[in-house]
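Last residue of the sequence shown? That's 802 in this note's numbering, and every number before it is there in order. What follows is a single structure, written as structure tokens, with notes after it.
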Amino acid sequence: MLLACIVAVTSLFATETTAGRNDKHAARTDKDVVAKTYSIQTPRVRHRCFPGKLRGVLSHIARAVGRRPLVTSGHRSNGRRGSYHRKCLAADIRVPGVSVNRILAAARSAPAIGGLGTYCNGIVHVDVGPKRRWHHCGGGLARLTTRARPASR
């Protein structure tokens, strides 16, 4: 019982101290922006670190195709070295009911688009790194379709 009282008082104190900084309002606004821009496939998708540029790309795609993209993968700490997912600068998406070609056309016209890739399963990769394009199917190496190769890091 004493522990419950301590937890309640501590959370009340924490709420009062953050209210002065508008952190609660900022978090609510962040959720509102996400809800209008894109949705996530599962609660495990790490997306809160997306920078404004990447959110802008996702928002542009949403406006262009008339539906919110579904983010299937965002930030991940594993994966290949130099991956923009590891830097939270990339998202793998699909837009249910919209063709991959229409998603690609929308993404190509996004102002901050960098990498744009497709996979055989219908997933589209978008990132805000350097401009490059690819299509990856199967277990082999991805086929880059532009002269610019991603920098090794």
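The beta carbon of each residue, even a glycine, is placed where N, CA and C say it ideally should be.
As assigned by DSSP and simplified to three states, the class of residue i
i    : result
I762 : coil
V775 : strand
S688 : strand
V706 : helix
R712 : helix
Opposing strand residues paired with residue i [DSSP bridges]
i    : result
Y768 : H785
R743 : L719
Exposed unless 16 or more other CB atoms sit within 10 angstroms - verdict on residue i
i    : result
C737 : buried
T691 : exposed
P718 : buried
Proximity of residue i and residue j at Cβ, strictly below 8 Å
i    : j    : result
G749 : G723 : Position check: residue 749 holds Val in this sequence, whereas Gly was assumed. Their beta carbons are not under 8 Å apart, which means V749 does not touch G723 by this criterion.
R836 : T721 : An answer regarding residue 836 cannot be provided, because it is not within the stretch 650 to 802 covered by the chain.
V777 : P700 : yes
When you compare the region 710-719 with the region 750-766, are there three or more beta-carbon pairs, one atom per stretch, that lie closer than 8 Å?
Short answer: they touch.
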